[in-house]
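Asks: Just so we're aligned, residue 2 is where the sequence shown starts under the working numbering, counting upward by one.
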Amino acid sequence: MPVDPQILRSGPGAAAIREQRLVAVLRRVEPRERLIALVDDLVADGIRIVEITFDSADAAADLEAVRAHVGEVACVGAGTIRTRDHLRAAIDAGAAFGVSPVLDDDILADALAAGMPFIPGAYTPTEIDAAWRAGATFVKLFPGSSLGPGHIRELHGPLPEIETIVTGGVDASNAVGFLQAGAVAVGIGSAFGRMSNDERRDLVRRVADLQ
């Protein structure tokens, strides 16, 4: 039986994302030793939400390894979930949440049935509203950088109850702007890897100042 979406929206996984507001999206970081080292750096810099994308053969094993390494201090989820097999593998690996670049009703329903907070991707107001009505924990606005913070602000006018996470082209220069415009969190991918420790810590401080 599906879990009430409101329960997942108020659960610990969703609460952690709302509190931290920065999601590190780690895509095909190889080998695993390099992935673990990067996660160590991110956690040390104050980034406590990690998304391992499921677009490589080793994604589930990578997620398990990251959870074993930092699971007590970080919330580790699975991204790029585009099939039901991806979802099952993510659940079996212990993912705290799931993310997809698209809205697939079957995958979202399976996630709800499993009690997993799930964040499908959407772009237009119609897609965003449909994802929320279908039970999304948050809605991933993707790709976000092509829209800009002003679009987020306008979107939340008629759709104030929908909590969005902006991903795609987000970096240190625009992350705070998206959050100020009303996004609950932002997902940052390769830009995190290009930042120095000081730059990441500065971004964490600037985001914390918004609280």
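For every residue, glycine included, the Cβ atom is placed at its ideal position computed from N, Cα and C. Being a predicted model, the structure only gives us computed values, none of them experimental.
Would you kindly report the start and end of the unbroken beta strand (DSSP E) that includes Leu27?
Replies: Your numbering for residue 27 matches position 26 in the sequence shown. Element bounds for Leu27: 23-27.
Asks: Taking just the CA atoms, how far does His157 sit from Gly183?
Replies: As a first step, residue 183 is located in the sequence shown; it is residue number 182 there, counting from the start. As a first step, residue 157 is located in the sequence shown; it is residue number 156 there, counting from the start. In a straight line, the C-alpha of Gly183 is about 7 Å away from that of His157.
Asks: One question on the structure: do Gly194 and Val30 come within less than 9 Å of each other, judged by their Cβ atoms?
Replies: On the sequence shown, position 193 is the one that residue 194 refers to. On the sequence shown, position 29 is the one that residue 30 refers to. Closer than 9 Å, so yes.
Asks: Under 8 Å: do the segment 45-55 and the segment 66-79 share three or more Cβ pairs, one atom per stretch?
Replies: Cβ pair count under 8 Å is three or more, so yes.
Asks: Tell me whether Ile189 sits in a helix, a strand or coil according to DSSP, three-state version.
Replies: Along the sequence shown, read from residue 1 onward, the residue named residue 189 stands at position 188. Of the three classes helix, strand and coil, the one that applies to Ile189 here is strand, per DSSP.
Asks: At 3 residues or longer, and completely inside the segment 136-174: list those beta strand (DSSP E) runs for me, N to C.
Replies: Runs found: 140-142, 165-168.
Asks: By the 10 Å Cβ neighbour count, where 16 or more other Cβ atoms means buried, how is Thr84 classified, buried or exposed?
Replies: Position 83 of the sequence shown holds residue 84. When all chains shown are included, Thr84 counts as exposed.
Asks: Is it buried or exposed for Ala45, if we count other Cβ within 10 angstroms and need 16 for buried?
Replies: Translated into positions along the sequence shown, residue 45 becomes position 44. Burial call: exposed.
Asks: From Ser101 to Ile37, what does the alpha carbon distance come to, in whole angstroms?
Replies: Working through the sequence shown from its first residue, we reach residue 101 at position 100. Working through the sequence shown from its first residue, we reach residue 37 at position 36. Spanning the two alpha carbons is a distance of roughly 23 Å.
Asks: Starting from Glu52, trace the beta strand (DSSP E) both ways and give me its first and last residue.
Replies: Residue mapping note: residue 52 aligns to position 51 of the sequence shown, counting from 1. Taken as a continuous stretch (DSSP letters only), the beta strand (DSSP E) holding Glu52 covers 50-54.
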